[in-house]
Amino acid sequence: MYKILLCWRYLRTRYIALASITSVMLGVATMIVVNSVMEGFTAEMQNRIHGILSDVVFESHSMEGFPDPEAHMARIREVAGKYIAGMTPTVVIPGLLMYDVQGRARTQQISFIGVDEKTHGQVSDFSRYLQHPENRKQLSFELREDGYDSVDHQGDEKSQPRERMDYAGWKYRRLKARFEQQTRPVPPASQAVVAQPADSAEPPEIIEHEGWQYRREERLETPAANPDEVAEKATNPFERLNAKSTRFNPETETHTGIVMGIALASFRARDGSDRFLIVPGDDVKITVPTAGMPPKPASDTFTVVDFYESKMSEYDANFIFLPIRKLQEMRGMYDPQTLVGHATSIQIKLHNDADGPVVRDLIQAAFPPEQYGVQTWRDKQGPLLAAVHLETAILNVLLFMIIAVAGFGILAIFYMIVVEKTRDIGILKSLGAHSSGIMGIFLTYGLSLGLVGSGVGLVLGLVFVANINAIADALAWLTGQQVFDPSIYYFQKIPTIVEPFTVTWIVAGAIMIAIVASILPARRAARLHPVEALRYE
Amino acid sequence: MNKSPLALAPGHETRGQLAPHMLSSHSGSIEPSSRGHLAAHGLCKQYRKGQVSIPVLGGVDLEVAAGEFLSIIGQSGSGKSTLLHLLGTLDQPDRGEVHFRGLRIDNLSVRRRDAIRNKQIGMIFQFYHLLPELSALENVMAPLMIAEGPWRYFRNRRLHLERAHRLLDTVGLGHRLKHKPRELSGGEMQRAAIARALVAEPEVLLADEPTGNLDSATGEEILRILRTLNEQQNLTIVMVTHDRAIAAQADRTVRLARGLVEVV
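Chains as they are written, first to last, in this note's numbering: chain C, 1 to 537; chain H, 538 to 801.
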């Protein structure tokens with residue numbers, strides 16, 4: 001009983017000991033914050049990586065791909081069918097993207113991913129990141145009339161509105177086409193031939209928006225269905241794609257639709273707002289290498305129909321999705337007899353409870369590794385995930401060192417307290433207290449200090465994590481330096497996840513250190529000879 | 538447990554089952570019993586300082602009868618305190634034996650000796666030795682807290698509080714229960730220390746210069762308390778002092794000189 005009472009009194013009367021555990025407190029708080037943020041980043045990143053990549057990717061090592069993806073899919077289903085929820089063939093190929101910005105050509109090196117619009121949505125969360133609400137339900141490579149999100153649907157109250165996206169889609173395309181007809185009666189040679197002369201019964205009004213000039217038409221016509229187009233749909237799709245209209249009219253027609261990464265079409269200004277260089281409805285040019293040896297460049301014009309925004313800048317600035325048929329046709333990746341297209345990879349979606357590496361190994365065993373590679377989405381982003389993991393581990397080691405250093409502080413102060421209390425220890429012994437009881441006082445003392453320190457640290461850390469974005473803003477306001485630059489990370493907010501297991505582990509570790517640091521002084525106290533302790537002045 | 542220590546009829550047996558010879562001894566007896574209640578046989582103790590060893594006690598023989606008030610006088614450094622520590626099992630002799638109620642206690646296990654100090658031998662000191670963090674009342678209850686774990690202590694708390702309260706009343710400190718030692722005068726601290734030494738109802742009280750730090754009037758009061766305890770409760774008291782006048786108030790006085798006991 002006296003242990004508890006004395007321990008309590010020592011706690012109440014010796015604030016220096018509380019000072020000694022401030023470092024424990026700070027260490028615990030910092031560790032909780034760092035772990036939560038790192039956990040948040042990792043989870044966010046994995047989410048986004050996984051959003052673009054399917055669970056398992058089956059790839060050919062050749063850029064020409066493999067023929068007859070259906071047969072491959074059948075074989076895959078044969079070896080690992082019970083784990084598989086969905087599959088889709090894709091063609092992944094590097095290429096060049098070109099478009100005009102204020103009259104100057106802008107060229108970017110990118111990856112083209114030919115996808116099957118019907119099945120691709122089944123294997124990844126790709127459609128979740130699209131900007132048109134209808135496309136999020138079912139991916140389509142047709143240009144929508146309008147209604148693209150002008151507010152980031154994944155963002156929060158801090159996301160800047162994207163007003164430019166209000167002027168996207170068919171409406172914008174028609175306006176732009178008419179404007180170009182009027183301002184540029186002779187289009188450049190590369191442009192398609194303008195079909196109709198300007199119909200200007202009423203002079204259009206010039207409006208300006210973000211440096212763009214175009215005319216607002218009072219009378220907006222819905223394009224009449226092209227009877228030729230309907231007829232073509234029934235025939236061979238490759239022929240339809242090949243059949244280049246000599247009388248291409250941008251006001252009523254589009255090229256093949258593509259979905260671009262949002263960072264390819266826009267950049268984020270310092271103030272966090274997005275500035276768009278092109279929007280859905282604009283045309284771009286694409287060059288890809290053809291299949292066969294040696295590859296030759298093949299170019300075509302495409303119409304942007306939507307953007308995707310995974311918020312992983314690596315993807316958003318690198319990938320363009322287009323219909324797999326079109327890419328196969330451009331590169332000549334199809335069997336001339338059967339017209340069955342080749343594919344370079346097959347995206348496989350697994351059931352929720354399936355184990356990725358197991359499926360990977362099953363599939364890999366069924367195909368020669370010299371020609372085909374099978375990877376899980378984690379394998380594909382292995383170095384990145386491993387780097388984040390290592391970073392977290394190193395930070396944890398460093399921060400735990402801080403707590404360990406705090407342990408030595410506790411040791412020194414406890415030693416001091418034991419020396420100060422030498423006579424009291426002698427008194428307790430003369431009253432019949434056992435050495436283990438004396439040791440107990442100081443161990444309990446250490447435990448209580450550890451509990452107080454890590455408890456306060458825990459609360460501090462959790463409060464910090466809960467308000468981390470407000471704190472970042474306050475710091476930015478104080479220092480004038482952006483703490484968390486959304487133009488770099490593409491997140492508006494700092495993501496955090498508080499993992500109860502990690503927090504428990506941190507708190508337990510800190511308490512352990514406080515106890516371990518009090519063992520030495522407690523042993524000294526217990527071993528004091530009562531007579532000598534009583535004589536101590 | 539509910540008996541007030543000082544309000545007892547003289548000769549009333551309060552200490553439970555004691556050795557039979559105790560019943561025959563009356564208070565104020567000068568003849569030590571042949572088998573003393575507390576006895577030292579040939580106690581030797583020396584302190585070592587590097588290579589030099591300083592002999593303090595060179596074979597002390599001493600017997601204290603039950604209910605006797607014995608005072609030991611001697612000059613500073615004559616080993617009075619050392620002898621008292623050995624009797625109270627705070628220290629162990631190099632040679633010789635300490636007997637308590639006919640049992641040898643100096644070679645008992647650490648735990649048994651702790652228990653003896655806790656329950657059967659009370660001690661008071663020249664510098665009072667109260668715990669500065671605890672109030673007078675808590676200081677008095679400290680031996681009970683040491684004896685009992687939190688659960689038992691809380692079950693018996695009311696009884697313990699009553700007892701400590703009563704003891705403080707009897708030593709005349711009933712009005713200063715909540716005061717910390719630094720808020721008490723020397724005499725008050727020594728009273729609290731006496732109450733603490735008696736709270737576990739020990740059979741023997743060892744007093745190490747209890748008046749050494751007090752003025753003569755206060756010292757007298759402390760001695761009067763000790764005398765009353767000795768007379769009314771048959772408490773065996775061994776008091777160490779260097780003051781002849783104080784020593785003279787005891788039943789019997791021995792002198793400690795050159796490490797040996799001499800009868801005065």
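Ideal Cβ placement from N, Cα and C applies to all residues, glycine included.
> Buried or exposed: where does Gly639(H) fall if 16 or more other Cβ atoms within 10 Å of its Cβ makes it buried?
Replying inline: exposed
> Helix or strand or just coil, what does DSSP make of Arg104(C)?
Replying inline: strand
> In whole angstroms, what is the alpha-carbon distance linking Pro187(C) and Gln181(C)?
Replying inline: Unreliable placement is indicated for Pro187(C), whose pLDDT of 45 sits below 50; no coordinate value is reported for it.
> So, is the C-beta of Glu768(H) closer than 8 angstroms to a C-beta in chain C?
Replying inline: Closer than 8 angstroms: no.
> Distance, Cα to Cα, Val56(C) vs Phe112(C)?
Replying inline: 19 angstroms
> Near Leu667(H), which residues of its chain fall below 7 angstroms by C-beta distance, leaving aside the five closest residues on each side in sequence?
Replying inline: Asn676, Pro718, Met726, Ala729, Ala730
>> Beta-carbon within less than 6 angstroms of Pro94(C)'s beta-carbon, same chain only, minus the 5 sequence neighbours each way: which residues are those?
In response: Ser111
>> By alpha-carbon positions, which one of Phe664(H), Ser615(H), Leu698(H), Pro680(H) ends up nearest to Ala749(H)?
In response: This sequence places Gly at residue 749(H); Ala is not what is there. It is Phe664(H).
>> Looking at the secondary structure, which residues open and close the beta strand (DSSP E) in which Tyr308(C) lies?
In response: 297–308
> List, in order along the chain, the chain C residues whose C-beta lies closer than 8 angstroms to that of Leu675(H)?
Replying inline: One detail in the question is off: residue 675(H) reads as Glu in this sequence, not Leu. For the C-beta of Glu675(H), the chain C residues within less than 8 angstroms are, from N- to C-terminus, Leu5.
> Per DSSP, Pro289(C) is paired with what?
Replying inline: Pro297(C)
> Got a sec? Which residues, its chain only, sit under 7 angstroms from His342(C) by beta carbon, not counting five neighbours each side?
Replying inline: So the qualifying residues of the chain are Glu64, Gly65, Phe66, Pro67, Gln328, Met333, Tyr334.
>> Against chain H, with Cβ distances strictly below 8 angstroms, would Lys424(C) count as a contact?
In response: Contrary to the premise, residue 424(C) reads as Asp rather than Lys in this sequence. It does; some Cβ of chain H falls within 8 angstroms.
>> Less than 8 angstroms between C-beta atoms, sequence neighbours within five positions excluded: which residues of the same chain meet that for Thr30(C)?
In response: Leu399, Ile402, Gly461
> In three-state terms, what does DSSP make of Glu545(C)?
Replying inline: No statement about residue 545(C) is possible, as the shown extent of chain C runs from 1 to 537 and does not include it.
>> Check for me: the beta strand (DSSP E) holding Gly373(C) runs from which residue to which?
In response: 372–376
>> Using the Cβ count rule (16 or more neighbours within 10 Å means buried), how would you classify Phe321(C)?
In response: buried
> Do Phe414(C) and Pro530(C) have their CB atoms nearer than 8 angstroms?
Replying inline: no
> Cβ of Met330(C) within 8 angstroms of Cβ of Ala298(C)?
Replying inline: Result yes, Cβ atoms of Met330(C) and Ala298(C) sit closer than 8 angstroms.
> List, in order along the chain, the chain C residues whose C-beta lies closer than 9 angstroms to that of Ile591(H)?
Replying inline: Neighbours of Ile591(H) on chain C: none; closest Cβ ~15 angstroms, over 9 angstroms.
> Taking the continuous beta strand (DSSP E) assigned at Ile346(C), which residues delimit it?
Replying inline: First-last of the beta strand (DSSP E) with Ile346(C): 345–350.
>> Based on DSSP bridge pairs, tell me the residues matched to Cys581(H).
In response: BP columns for Cys581(H) point to Gly595(H), Arg632(H).
> Which whole-angstrom value is the C-beta distance of Arg523(C) and Met439(C), which I expect to be below 8 angstroms?
Replying inline: 6 angstroms
>> Could you compute how far the alpha carbon of Ser140(C) sits from the alpha carbon of Gly480(C)?
In response: Those two C-alpha atoms are separated by around 44 angstroms.
> Just the Cα atoms here: how many angstroms apart are Pro687(H) and Ile661(H)?
Replying inline: 26 angstroms
> By the criterion of Cβ-Cβ separation under 9 angstroms, what are the contact partners of Asp628(H) in chain C?
Replying inline: His529, Pro530, Val531
>> I want to see whether chain H comes within less than 8 angstroms of Tyr15(C), judged by CB atoms only; does it?
In response: no
> Which stretch, first to last residue, makes up the alpha helix (DSSP H) that contains Gly724(H)?
Replying inline: 723–735
> Counting contacts by CB-CB distance shorter than 8 angstroms, is Thr778(H) in contact with chain C?
Replying inline: It does not; no Cβ of chain C falls within 8 angstroms.
> Start and end of the alpha helix (DSSP H) containing Met31(C)?
Replying inline: 22–52
>> To be precise: take each residue of the stretch 433–444 of chain C, compare its Cβ to all Cβ atoms of chain H, and keep it if any distance is under 8 angstroms. Which residues remain?
In response: Ala433, His434, Ser435, Gly437
> Taking the beta strand (DSSP E) that Ala744(H) falls in, what are its first and last residues?
Replying inline: 741–745
> Per DSSP, what kind of secondary structure is Thr496(C) in: helix, strand or coil?
Replying inline: coil
>> Quick check on Gln364(C): does DSSP put it in helix, strand or coil?
In response: helix
>> Any C-beta of chain C within less than 8 angstroms: which residues of the stretch 651–673 of chain H qualify?
In response: Taking 8 angstroms as the Cβ-Cβ cut-off against chain C, the residues of the stretch 651–673 of chain H that qualify are Asp651, Ala652, Ile653, Arg654, Asn655, Lys656, Met660, Phe662, His666, Leu667, Leu668, Pro669, Glu670, Leu671.
>> Can you tell me whether Ala533(C) is buried or exposed? The criterion is at least 16 other CB atoms within 10 Å of its CB, across all chains shown.
In response: buried
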